[in-house]
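*Asks:*
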Amino acid sequence: MAKVKTEEKKDEILVKGARVHNLKNITVGFPRNQFIVVTGVSGSGKSSLTIDTLYAEGQRRYAESLSAYARQFLNRMNKPDVDYIKNLCPAIAIEQKVITRTPRSTVGTMTEIYDYLRLLFARAGTTISPVSGKEVKKDDVADVIQAIERLPEGAKVFVLVAFKLHSNRNVREELNILLQKGFTRLAVGNKETPALSSAKEEKAGVEILDIEELLELDTPALEKRLNIVRSKSSKAIYILIDRVIVRELDEDDRHRLGDSVGTAFFEGEGELFLHTALSDDKNRLLSFNNRFELDGIVFEEPQPNLFSFNNPLGACPTCEGFSLVLGIDDDLVIPDKRLSVFEGAVAPWKGEKLGKWKDRFIRDAARYGFPIHKPVADLSAEQYQLLWKGNSSVYGIDDFFKEVEQNLYKVQYRVLLSRYRGRTTCPDCHGYRLRKEALYVKVGGKHIGELCEMPARDLKTWFEKLKLSEHKAAIAKRILLEINNRLDTLLKVGLGYLTLSRVANTLSGGESQRIQLTRNLGSNLTNSLYILDEPSIGLHSRDTENLIKVLKELRDLNNTVVVVEHDEMIMRHADHIIDMGPLASHLGGMVVAQGAYKELISDKDSLTGKYLSGQFSIDPPKTVRKWNRSLKVEGARHNNLKDITVTFPLNVFTVVSGVSGSGKTTLVKQILYPALQKLKGEFSGEKIGFHKAITGDTGSIQQIELVDQNPIGKSSRSNPVTYIKAYDEIRDLFAKQPLSKMRGFQPRHFSFNVDGGRCDTCKGEGEQIVEMQFLADVHLVCESCGGKRFKEEVLEVKYREKNIHDVLEMSVDEAIEFFKDEKKIAEAIQPLSDVGLGYVKLGQSSDTLSGGEAQRVKLASFLGKGKSTNKVLFIFDEPTTGLHFHDIKKLLASFNALIEQGHSVLVIEHNIDVIKSADWLIELGPDAGDGGGELVYEGVPAGIKKVKSSYTGKYL
1 MAKVKTEEKK DEILVKGARV HNLKNITVGF PRNQFIVVTG VSGSGKSSLT IDTLYAEGQR
61 RYAESLSAYA RQFLNRMNKP DVDYIKNLCP AIAIEQKVIT RTPRSTVGTM TEIYDYLRLL
121 FARAGTTISP VSGKEVKKDD VADVIQAIER LPEGAKVFVL VAFKLHSNRN VREELNILLQ
181 KGFTRLAVGN KETPALSSAK EEKAGVEILD IEELLELDTP ALEKRLNIVR SKSSKAIYIL
241 IDRVIVRELD EDDRHRLGDS VGTAFFEGEG ELFLHTALSD DKNRLLSFNN RFELDGIVFE
301 EPQPNLFSFN NPLGACPTCE GFSLVLGIDD DLVIPDKRLS VFEGAVAPWK GEKLGKWKDR
361 FIRDAARYGF PIHKPVADLS AEQYQLLWKG NSSVYGIDDF FKEVEQNLYK VQYRVLLSRY
421 RGRTTCPDCH GYRLRKEALY VKVGGKHIGE LCEMPARDLK TWFEKLKLSE HKAAIAKRIL
481 LEINNRLDTL LKVGLGYLTL SRVANTLSGG ESQRIQLTRN LGSNLTNSLY ILDEPSIGLH
541 SRDTENLIKV LKELRDLNNT VVVVEHDEMI MRHADHIIDM GPLASHLGGM VVAQGAYKEL
601 ISDKDSLTGK YLSGQFSIDP PKTVRKWNRS LKVEGARHNN LKDITVTFPL NVFTVVSGVS
661 GSGKTTLVKQ ILYPALQKLK GEFSGEKIGF HKAITGDTGS IQQIELVDQN PIGKSSRSNP
721 VTYIKAYDEI RDLFAKQPLS KMRGFQPRHF SFNVDGGRCD TCKGEGEQIV EMQFLADVHL
781 VCESCGGKRF KEEVLEVKYR EKNIHDVLEM SVDEAIEFFK DEKKIAEAIQ PLSDVGLGYV
841 KLGQSSDTLS GGEAQRVKLA SFLGKGKSTN KVLFIFDEPT TGLHFHDIKK LLASFNALIE
901 QGHSVLVIEH NIDVIKSADW LIELGPDAGD GGGELVYEGV PAGIKKVKSS YTGKYL
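The sequence shown begins at 1 in UniProt numbering and counts up by one.
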C-alpha cells in the first residue's frame, strides 16, 4: 500500500508546510505535466503559494547552483518559509506587472524578435546605394581569382594597380620607392585606355615598361616618356603586380595568385585592375574594389549593432535612438483642429505683426486651390503638407519658424519659440530610431524600420512570402525559424495588432504580460514549471480561447503550467484546480478544495465552486438607470480609431468593451481623459489623441480621476491607512492622550517616517537587514524595538489599552469596531471595508498588496472623499484584475455607492458579469488593430445580443 502511495506522489510537486505571508502551514501537491489553476478570493494566498513559495524556491535553487562569485551579482533570494518542496523543476514566472517604464524598450526588444531581425539584416541584408539604387558590393581575393578562371584558356592577364604621384614627391622618387618595395615594371595605357575608369569593363591596351630603364633617363625625358605634365598624367599608368596565363590552376598557383591579389589590394588602397589580352586581339580592363563603397559614398558594413538603437553605433545621432526630439509641436501650433486657417487655426499667426503671415498664406495658397475655410482636421495630406512646408511661392508654418530662429537674439522671439516647442518625431530618422546607414540595408526590398512599423500579423505574412537567394536563405534559415516561432505566439495570444516599434510603456498590463509569455514560449523549454499570474487580464473572452490553446501546447511539451486565475473559461479547461480560502488575508491561507472542475462544483466548502455551479451568482440590476446628461467625443481618429463619435452618459455606470486592441484605451485614456483634464485646466502635459471636439455637459463634471492598477506606493513604508489619509486622524488622537501632553508628544511622534518617536536603530522599519554578499540578505527583527517600529516611551501612550503599534496590527474591520467612538476615524476607514478590504491590516506594507487590492485602496480613498460637493468622473481600467466572483460583487456595490453620491463611473472591462451590470455599454471593434477602431454598439447591454458583428454579444 505504501508503495502505491509513493508511486502516486512521485508524479507531483509537493509543497510541505508553507507559511509565507498568510499561508497557514499548508501542504499541497501540484500534479506534474498538467494544466493547474489556483483560484480563490482576493487575498486568500494564491500569489503567496505560487509566486512567493514555488517560484521563489525554484529561482533560489538555480542561484545556489552557481558559484559564490557569481551569486554576489544576482538579486539575493530569501528562502521561502516552507519545510520543503519535492520534485521541483526549473521555474519561470510571468507576473502581471507592467515590467518596464523606459522609452527605449519596445515590443520588438521585449519579445526578442528585434534581436533576431538585427541578426538577419547583418548577415543576409543587401546594402543599396541611395544615389543609384544599385547593390553595394565589396570584392575579395576569391572574387578576383574566380574572374581570372572564367577567362578563356591561354589568355594573358596582368594584375595592375594605379600608379599615384603623391603631392610632395616627384616621379623619380616615386619610382625609387617602388623598386625598394620589389616592384620592377609599370604598365602604361594606350590612347584608348580611360584614365582609371571605375567601370567594371572597358576596352584597353597597355605597354609594359621596366622601372630601372626608366630611371636611367633624365627627369624631363622620364616625364615625357610617361606623359606627365605638372605632376599629372594624361595616360593611365599602372604598377604591374603579377602576370599569369589562364589555364587549370593548381593549389600552388592559387596561393601565388592569392598573395599577388592581396598585395595589389593593399598597394592600390583597395582597388586593382585585371588587364586581359585575349586571342582575338580584344583587350579588357576589369576593375575590383574591396572598399565597401559605391557612387562615391563609403558605406558601413552591416553588423548586428548597426541595427541597434540602444547602441551608439546604430542609434540616430539626432534623437539618440529615442525617435523623438525637441522641436516644433504641431499640437501646440494648431491646438484646435476644428478651426480653419481663415478662422485662426495657426496659433502663432495672431496680432498685427505676425498676422501678416496668415494674410500672405491665404493670398498665395488660393492659387493652389487651398481650402482656407475648411477645418484643419478635414484637410487632405497634401493640403496639410502645403500649410506646413509651403512651396516655392507659398510661405508655410516651417518658414515662419525659420524666421523666428533667425531672430532669437530678441527676447520676444525666444519666448515665442519656447511656447511652441514640444516632443516631435525626429526629422533625421523619421521615428525609425536608427542612423541612415542602417536604413540603406534591405531584406526583400524593405529596411528594418519599415518591418517594425508593420502590425505583427502583416509581418508574419510578409515573412511567409519572403524570397531569398540560395546562399542567403541558407544563412537565414535558423534566424527565420526563431522569428516565425515568436510571431506565431504573438498572434496566438491575440497581439497580432501590435507593431514591433510600439513603446513598451504604452502597453496595458495584460498586453505586457502576454508579451512576456511570447518571449518565454518562443524558447520552447520542456520539463519546466511555468507560473502565470492572471494571464487573462485585458483579454476578451474571444482571445481567452486562443490563450488556453497556447497554455495547453505548453503543457503538451511536458511542462507543468500553474495559472493563478479567476476566469471561468480557463477553469473549465484546467486539468486540476486548487481553491484557496476560505476568506482573505488572516482569514484565508488554506486549501479549501482541490481536484478537477467537476469535483470543485460539488464541493460544499468551495466558494468558487458555488459560483461556478450557479448556486451563487452576480445578478444584473433589475432596472437600468436613465440619464439626461452626457459627454460626446466627436471625430476620434487617434491610432486605429476610424473617425468615430461616442456618447458617454453621466451619473450612470458605463462600460467600454471590445476585443483586445480594438481601441478602448485609445478612446478613454488617450483622448477622453487628457482632453477633459485640459478643459478643467489640470493638463498633465500628456499628448491628447486626435479628435475634433468634446461636447456635451462638460460643466457638470468638476473633477476626473483615473484609477489604474499601479501600486499605491513603491516603498515598504507605504500602507493602506496612510494612503487613505486616516493615519493623520489616528496620530492626532494619540497626541491628545494625557501622557502625550505630559511628555510633549506631537502627532509627528506617532509616525514611523520621521525622526522623533520612531525607533532610532531600525529607522521605523521594524527590522534590520544584514548584507550577506553572495547569500540572501538576512532580515532580523530590530533588537531595540522588537519589530514595533517605535520608541518605548511612545508605545507607553495608549488609547483604550492599545498603543500605536497595536492599532497598526489591527485589520480594517477590527479597527472600525475599535474606533466606533471616534466618528472621524471610523468614517475614514469604513471605505476600505466597503470595497472588500476589511481583512487587510491597517499597517500592512503596500508592496504585499496585489494589483487588485491596490486598485481598491485607491477606490476606497475616493469613496472616503465622496461626501464632497464635487461631481467626479471616475475612470477605471480593468478593475476586476485579481478579483474573484465574490469580490466583483462587492466592487459593483462600491460603484453603485459612487453613483448614488452623484458621481459618474466609466469602466474599461471584458468581464461578462460587469458588462451585464452596466447601465450603458459602448462596444468597439469588431476586431483588433486595423480591423478595429469602429463603434460596433452603444446602448443598454441587453441590446448588443442582436448585433451580429459583436464578439461580446456572443459571450453575453
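Built from N, CA and C at the ideal position, the CB exists for glycine as well.
Which value, in whole angstroms, describes the spacing of the CA atoms of Asn896 and Leu631?
*Replies:* When rounded, the distance between both Cα atoms is 20 Å.
*Asks:* Classify Gln303 as helix, strand or coil using the three-state DSSP reduction.
*Replies:* Gln303: coil per DSSP, three-state reduction.
*Asks:* Would you check if the distance between the CB atom of Pro831 and the CB atom of Ala854 is smaller than 8 Å?
*Replies:* Result no, Cβ atoms of Pro831 and Ala854 do not sit closer than 8 Å.
*Asks:* From which residue to which residue does the beta strand (DSSP E) around Ser606 run?
*Replies:* Counting along the chain, Ser606 falls outside any beta strand (DSSP E), and DSSP gives it neither H nor E.
*Asks:* At a cut-off of 7 Å, would you count Lys181 as near the ligand FMN, judging by its Cβ distance to the nearest heavy atom?
*Replies:* The ligand content of the structure shown is nil, which means the ligand FMN is not present either.
*Asks:* Three-state secondary structure (DSSP) at Tyr955?
*Replies:* The answer is helix: DSSP assigns Tyr955 an H, G or I state.
*Asks:* Hey, would you say Gly494 sits closer than 8 Å to Ser660, going by beta carbons?
*Replies:* Yes.
*Asks:* At what residues does the beta strand (DSSP E) containing Thr39 begin and finish?
*Replies:* Run containing Thr39: 35 to 40, per the beta strand (DSSP E) assignment.
*Asks:* Taking the beta strand (DSSP E) that Trp920 falls in, what are its first and last residues?
*Replies:* Trp920 -> beta strand (DSSP E) spans 920 to 925.
*Asks:* When the Cα of Leu468 is compared with those of Ser392, Ser132, Arg123, Gly696, which residue comes out closest?
*Replies:* It is Arg123.
*Asks:* Considering only residues of the same chain and omitting the five flanking positions on each side of Phe292, which have a CB-CB separation below 7 Å?
*Replies:* Val136, Lys138, Val298, Phe299, Glu301.
*Asks:* DSSP three-state call for Ala893: helix, strand or coil?
*Replies:* In this structure, Ala893 counts as helix in the three-state DSSP scheme.
*Asks:* Could you give the distance in angstroms between the alpha-carbon of Gly864 and the alpha-carbon of Ile724?
*Replies:* If I take the Cα positions, the gap works out to 8 Å.
*Asks:* Using DSSP bridges, identify the partner residues of Val261.
*Replies:* Beta-bridge pairing links Val261 to no other residue.
*Asks:* Quick check on DSSP: helix, strand or coil for Lys374?
*Replies:* Correct three-state label for Lys374: coil.
*Asks:* What whole-angstrom Cβ distance do Phe862 and Val797 have, given they're in contact under 8 Å?
*Replies:* Phe862 to Val797, Cβ: 32 Å. No contact.
*Asks:* Run through DSSP, which three-state label would Phe874 get?
*Replies:* Strand, per DSSP.
*Asks:* Of the choices Glu686, Glu599, Thr608, Asn651, whose alpha-carbon is the least far from that of Val624?
*Replies:* Comparing Cα positions, the closest option is Asn651.
*Asks:* Suppose the cutoff is 6 Å on Cβ atoms and the five residues either side in sequence are ignored; what does the same chain contact list for Gly327 look like?
*Replies:* Same-chain partners within the cutoff: Thr424.
*Asks:* What three-state label does DSSP hand residue 993 in the structure shown?
*Replies:* Outside the modelled stretch of the chain, which goes from 1 to 956, sits residue 993, for which no answer is possible.
*Asks:* Given a cut-off of 8 Å, decide if Leu924 and Ser662 are closer than it, judged by their beta-carbon atoms.
*Replies:* Yes, these two residues count as a Cβ contact at 8 Å.
*Asks:* Within 10 angstroms of the Cβ of Arg150, are there 16 or more other Cβ atoms? Answer buried if so, exposed if not.
*Replies:* Looking at its Cβ environment, which holds fewer than 16 other Cβ atoms inside 10 Å, Arg150 is exposed.
*Asks:* Would you say Val41 and His586 are within 8 Å of each other, going by their C-beta atoms?
*Replies:* Taking 8 Å as the Cβ cut-off, Val41 and His586 do not qualify as a contacting pair.
*Asks:* Which of the three DSSP states is assigned to Asp210 in this structure?
*Replies:* Asp210: strand per DSSP, three-state reduction.
*Asks:* With DSSP as the reference, label Asn289 as helix, strand or coil.
*Replies:* Correct three-state label for Asn289: strand.
*Asks:* Let me know the secondary structure DSSP gives Met580 once reduced to three states.
*Replies:* Three-state DSSP puts Met580 in a strand.
*Asks:* For Leu672, list the residues DSSP reports as bridge partners.
*Replies:* Looking at the DSSP assignment, Leu672 forms no beta bridge with any residue, so it has no partner.
*Asks:* I'd like to check one pair, Gln702 with Asn870: are the Cβ atoms closer than 8 Å?
*Replies:* Yes, these two residues count as a Cβ contact at 8 Å.
*Asks:* Determine, using beta-carbon pairs with one atom in the segment 634 to 650 and one in the segment 601 to 618, whether at least three such pairs fall under 8 Å.
*Replies:* Touching, no.
*Asks:* Please report the straight-line C-alpha distance between Ser845 and Asp755, rounded to a whole angstrom.
*Replies:* If I take the Cα positions, the gap works out to 20 Å.
*Asks:* Please state whether DSSP places Gly355 in a helix, a strand or coil.
*Replies:* Reduced to three states, the DSSP call for Gly355 is helix.
*Asks:* Whole angstroms are fine: how far does the CA of Ile694 sit from the CA of Leu387?
*Replies:* Using only the alpha carbons, I get a separation of about 25 Å.
*Asks:* Whole angstroms is fine: what's the gap from His805's alpha carbon to Ala726's?
*Replies:* Computed Cα separation, rounded: 15 Å.
*Asks:* Answer with buried or exposed for Lys946, where buried requires no fewer than 16 other C-beta atoms within 10 angstroms of its C-beta.
*Replies:* Result: exposed.
*Asks:* Could you have a look at Asn176 and say whether DSSP puts it in helix, strand or coil?
*Replies:* Of the three classes helix, strand and coil, the one that applies to Asn176 here is helix, per DSSP.
*Asks:* Tell me which residue opens and which closes the alpha helix (DSSP H) that Arg572 is part of.
*Replies:* That run of the alpha helix (DSSP H) goes 568 to 573.
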